[in-house]
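All remarks here apply to the structure that follows.
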């Protein structure tokens, strides 16, 4: 609906739109993929996903179509839907972009974070260290994402924050397999980063973040080099109807 304000200009009323069922299903399937509950290359059966999520097959089918367009799912004619297996090149490119965005975020956070921002970063870091100490890898990965998002938010650059958020979920997907390998070293780097941000040392904060993101990228690449090659999905053979023979 369009309304006229006192100056005679037309203004649009804001409509609060709840998430559709399809959007909720998309979000749920993405989270299953990111958390590793659905593995790269795994066959996605519509009926099984529908039962798991407590919905009908139609929104699952629509969600898989959209996730295919966004690179989370691969659709193979005659074979079905499969969780996308990221290529090494895809991961390398995304993690390189992440390094650029987050390095600048760290530099700006050192300039703008303030006492309250640093306090929030230290609280997240303490939670992450506790998660690693108790071998709560899923918790550590989630807190890691929160900490990086907060650094970006503290940069004060909304465009930078928006761009970083677009790659954050896929970064979390790539980070999960190497989180245990990175272990406490990752959180020691976070601690050093927060120290630099608190000191207002823009150059050091940027350097620590650049090295931190590079360590994650290298760990992921090493993990991919050592993993077995995923076999291509086998085609589904369709039986031909039997023809009746005269006898």
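Residue numbers (this note's numbering): -15 to 231.
Here a beta-carbon is modelled for each residue, glycine too, at the ideal position from N, C-alpha and C.
Fair warning: this is a prediction, and the values are worked out from it, not measured in the lab.
Given 8 angstroms, three or more beta-carbon pairs between the region 171 to 190 and the region 112 to 119:
yes
Measure from the alpha carbon of residue 55 to the alpha carbon of each residue in 74, 42, 125 and 145, then state which is nearest.
74
According to DSSP, is residue 22 helix, strand or coil?
coil
Can you have a look at residue 86 and say buried or exposed, based on whether 16 or more other CB atoms are within 10 angstroms of its CB?
Sixteen is the threshold: when 16 or more other Cβ atoms of the shown chains lie within 10 Å of the Cβ of residue 86, as they do, the residue is buried.
In this structure, does DSSP put residue 140 in helix, strand or coil?
coil
On the CB-based measure, 16 or more other CB atoms within 10 Å of its CB, does residue 72 come out buried or exposed?
With fewer than 16 other Cβ atoms inside 10 Å of its own Cβ, residue 72 counts as exposed.
Give the DSSP bridge partners of residue 28, in chain order.
By DSSP's assignment, residue 28 forms a beta bridge with 65.
When you compare only the Cα positions, how much space is there between residue 44 and residue 69?
20 angstroms
From residue 165 to residue 203, what does the alpha carbon distance come to, in whole angstroms?
8 angstroms
Here's a check: name, in chain order, each residue in its chain whose Cβ is nearer than 7 angstroms to the Cβ of residue 175, leaving out the five neighbours to either side.
109
Only counting the same chain, and skipping five residues up and downstream in sequence, which positions put a Cβ closer than 7 angstroms to that of residue 92?
139, 140 and 141
Is the distance from the Cβ of residue 30 to the Cβ of residue 48 below 9 angstroms?
Their beta carbons are under 9 angstroms apart, which means residue 30 touches residue 48 by this criterion.
Go ahead and pull the three-state DSSP assignment for residue 4.
coil
First and last residue of the beta strand (DSSP E) that includes residue 57?
57 to 60
Three or more beta-carbon pairs under 8 angstroms between the region 92 to 101 and the region 178 to 191, yes or no?
yes
What residue does the alpha helix (DSSP H) around residue 88 start on, and which one ends it?
72 to 96
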